[in-house]
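Numbering (mature numbering (1 follows the signal peptide of the UniProt record, and there is no 0)), first residue to last: -24 to -1, 1 to 383. Built from N, CA and C at the ideal position, the CB exists for glycine as well. Here the structure is a predicted model, which is why all the values come from computation and not from measurement.
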């Protein structure tokens, strides 16, 4: 072989090795995010753990992850509503980050958030490893941002960080769409699949299946695990603007222009495994997009949303339409409240059926829930007639926000 042929062969070999190396930098799309086969839900809300490498503040964390509603960060961690954004947060502690999720091609990733602006000295690997604490890889960042050469990035360039998530149902739950909230949990040292399953109210087999793990002993510290969090049952109907109101176990959410706070915790009247959404007027929170919150007292009851009377009457949040807050006013079927509270879940189901029946009545031209909404939007006289009919039905009550709507 001549010297020229040897050089040519060596050059071809080097080119081949370079192409192989560059190809390895970009992973296929199937490696992105968590598995998400949902074809009906275009987007949902998800959670993910973040362990900051340095001391920081809640405001800085919100900014890093593009959390536009600070209350959603507080709710995801069950922090007090009065917690300031300047609140310090220690390095190596864990905080849950709420974010919108989108599914396509069998995978779920964050919906165009967070966005990170490249700074001097940054590399994709540094951003993935240090800034976002290994929640993503540099290959995934390169893929979604169409970066063919990870070394060619510019200061000031904006990068989409594709956090893993999912909108899939789990175990075929039939009650409502998207029955769980998927949570990207960072596995702590010494944790086991069984321990994590017990802590978050699921089972080991579900965790193994969701995460494609064939052997529980394969679990490693620092691994990101897709954990399905149970959501609380509520009477919020499909016509409500916040449907489906999915509040995961151990969290709360503000809704209806920040006027309502809904908490998801085990119901103390039933057992430690019954999950019923408890909503009440939010305290010390400025309303969003409206000048003031509407009245949240069920008429002729003296009860605010979330309160139960001594004779077992309860005033529940049932959603909102435009600027009208909807309420469900109902009673237990017996006078012994302590006994009947144990049947709270059954009563919730009955009220849910009543709400759906009233909505169907409206579709057939009857009075009821939707007739009230229509009447309130139709002017003073229509509102008066609708309210009279609705009070007579004695079911759900809606209020028009002062200064808004018809009349």
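- Annotation for residue 169: 180, 183, 184, 189, 192, 195 place their beta carbon closer than 8 Å to its own, counting only its chain and skipping 5 residues before and after.
- For residue 108, the closest alpha carbon among the candidates 294, 240, 269, 40 is that of 40.
- Within the same chain, Cβ atoms closer than 6 Å to the Cβ of residue 186 are found at 202, the five residues on either side in sequence being excluded.
- Excluding the 5 residues flanking it on each side, residue 157 has same chain C-beta neighbours closer than 7 Å at 21, 22, 23, 205, 207, 222, 224, in chain order.
- Following the DSSP letters along the chain, one finds residue 290 inside the beta strand (DSSP E) bounded by residues 289 to 297.
- Taking the Cα positions, residue 210 is about 32 Å away from residue 69.
- Measuring C-alpha to C-alpha distances from residue 295 to each of 15, 256, 119 identifies 256 as the nearest.
- When the Cα atoms are used, residue 47 and residue 37 turn out to be separated by approximately 13 Å.
- The DSSP-derived three-state label of residue 259 is coil.
- Out of 79, 9, 97, the CA that lies nearest to the CA of residue 16 is found in 79.
- Judged by DSSP in its simplified three-state form, residue 181 adopts helix.
- When the beta-carbon positions are compared, residue 274 and residue 303 come within less than 9 Å of each other.
- Here residue 231 is buried. Its C-beta has 16 or more other C-beta atoms within 10 Å.
- Under the three-state reduction of DSSP, residue 85 is assigned to strand.
- The continuous alpha helix (DSSP H) containing residue 116 extends over residues 114 to 120.
- Of the candidates 140, 305, 88, 72, the residue whose Cα lies closest to the Cα of residue 82 is 140.
- Across the set 13, 9, 67, the C-alpha of 67 shows the shortest separation from the C-alpha of residue 27.
- Annotation: the continuous beta strand (DSSP E) that includes residue 80 extends over 71 to 80.
- Segment contact: the stretch 84 to 91 against the stretch 127 to 145, three or more CB-CB distances shorter than 8 Å; contact assigned.
- Counting along the chain, the unbroken beta strand (DSSP E) around residue 160 starts and ends at 156 to 162.
- Looking at the DSSP output, residue 8 shares a beta bridge with no other residue.
- If you look at residue 22, you'll find it isn't in any alpha helix (DSSP H); it sits in the beta strand (DSSP E) that goes 19 to 26.
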